[in-house]
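Enquirer:
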Amino acid sequence: MVVIEPEPREEEEKGRVNVTGEPKSKPSAKTTTEEAEPSHSAKSGAVDADDGFETASESDFNGGDDDHDPEQNQQQEEQPQPMPPTDDSLEAVSGEESIQKALAEANDAKVKGNRMFGDGQHEEALSEYGLALQVAPDVPTSVEIRSICHANRALCYLKLALLRRGEAHEKLEHFEEAIADLKKVLELDQSDVQVRRTIQRLEPLAAEKREKMKQEMIDKLKDMGNSVLGRFGMSIDNFKAIQDPNTGSYSISFQK
163 MVVIEPEPRE
173 EEEKGRVNVT
183 GEPKSKPSAK
193 TTTEEAEPSH
203 SAKSGAVDAD
213 DGFETASESD
223 FNGGDDDHDP
233 EQNQQQEEQP
243 QPMPPTDDSL
253 EAVSGEESIQ
263 KALAEANDAK
273 VKGNRMFGDG
283 QHEEALSEYG
293 LALQVAPDVP
303 TSVEIRSICH
313 ANRALCYLKL
323 ALLRRGEAHE
333 KLEHFEEAIA
343 DLKKVLELDQ
353 SDVQVRRTIQ
363 RLEPLAAEKR
373 EKMKQEMIDK
383 LKDMGNSVLG
393 RFGMSIDNFK
403 AIQDPNTGSY
413 SISFQK
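In my numbering, the protein residues as written are 163 to 418.
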């Protein structure tokens, strides 16, 4: 049997390599392949990591598209947005409310004036109509109420004038003239009961005055006739007037 002993130099080199752990100057193909594989694995890991990031980003992006559709956003932007109220619109609303409130106050004053006019309180009715005209604004919606108030005021003034003139005629005992004025008042306001009562009270006085005036006129005519007939020896007493009951006319007969 032959024993081959290793050379001491080679063993020392091997022992030195193992102790220091330094790689050889020319690594083997297997070592190169093993070192290359981790690099490929790292690259694959990087690619996978990149793919995972991109997939998550696309998922997030797609999810955002579901929540925020560009076309829907555009339609929402194109829809007209309500404009906030401006100072002019607020002033217009406030002005309209003021007009409606003023018209309501004017109408209340007009109704109160009508009630006073019906009760014969013409001075108070004039005050209420004047208040309604002051409160009612000069706008197209107040034309009706303002025209009514002006007409009622004119009616009050005319009725007051006729009533006062009728009172003056009554104090002067011009009963016929007083009744004529009161009848004109009834033409303006047929519901005035007080005026009707006054007319009924004045009519007998007017009739009595007519009879009195007629008798005075007859007496004056007699005096004038006697003064004329006295020159001929006659008088009015020689003439007698007889009334016809059918026609109401008079026939005069001479008596000595």
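All residues carry an ideal CB built from backbone N, CA and C; glycine is no exception.
Please identify the residue among Leu367, Ile361, Asn269 and Arg277 whose C-alpha is closest to the C-alpha of Ala304.
Expert: This sequence places Ser at residue 304; Ala is not what is there. Measuring from the Cα of Ser304, the nearest candidate turns out to be Asn269.
Enquirer: Give the straight-line distance between the Cα atoms of Gly280 and Lys374, rounded to the nearest whole angstrom.
Expert: Going by the C-alpha atoms only, they are around 38 Å apart.
Enquirer: Give the DSSP-derived three-state secondary structure of Gln356 in the structure shown.
Expert: In the structure shown, Gln356 sits in a helix (DSSP, three-state: H, G or I).
Enquirer: Hey, how far is the Cα of Arg277 from the Cα of Val355?
Expert: About 15 Å.
Enquirer: Which residue's Cα is closest to the Cα of Lys371: Leu348, Asp343 and His336?
Expert: Closest by alpha carbon: His336.
Enquirer: Around the C-beta of Ala340, are 16 or more other C-beta atoms found within 10 angstroms, so that it is buried, or is it exposed?
Expert: So Ala340 ends up on the buried side.
Enquirer: Between which two residues does the alpha helix (DSSP H) containing Ala313 stretch?
Expert: Looking at the DSSP string, the run of the alpha helix (DSSP H) that includes Ala313 is Val305 to Lys333.
Enquirer: Please report the straight-line C-alpha distance between Gln296 and Glu290, rounded to a whole angstrom.
Expert: Whole-angstrom Cα-Cα distance: 10 Å.
Enquirer: Quick check: what's the CA-CA separation for Pro302 versus Arg308?
Expert: Computed Cα separation, rounded: 10 Å.
Enquirer: From Ile261 to Leu288, what distance separates their C-alpha atoms?
Expert: Looking at the two C-alpha atoms, the distance is approximately 23 Å.
Enquirer: Could you please give the first and the last residue of the uninterrupted alpha helix (DSSP H) stretch that includes Gln296?
Expert: Taken as a continuous stretch (DSSP letters only), the alpha helix (DSSP H) holding Gln296 covers His284 to Val297.
Enquirer: Regarding Asn269 and the ligand HEM, is the C-beta to nearest heavy atom distance less than 7 Å?
Expert: What this structure holds is no ligand at all, so the ligand HEM is not there to describe.
Enquirer: Note down, in chain order, each residue of its chain lying with its Cβ closer than 6 Å to the Cβ of Ile398, except the 5 sequence neighbours on either side.
Expert: Hits under 6 Å: Lys384, Gly387 and Asn388.
Enquirer: Considering Cα atoms alone, identify which of Glu285, Ala323 and Gly275 is closest to Cys311.
Expert: Considering only alpha carbons, the answer is Gly275.
Enquirer: Report, in whole angstroms, the separation of the C-beta atoms of Leu322 and Ala298, which I expect to be a contact under 8 Å.
Expert: So it is not a contact: roughly 23 Å between Cβ atoms.
Enquirer: For a test of the three-state rule: what should DSSP assign to Lys418, helix, strand or coil?
Expert: Lys418: coil per DSSP, three-state reduction.
Enquirer: Run through the DSSP bridge pairs and tell me what Ala403 is partnered with.
Expert: Answer is Ile414, bridged to Ala403.
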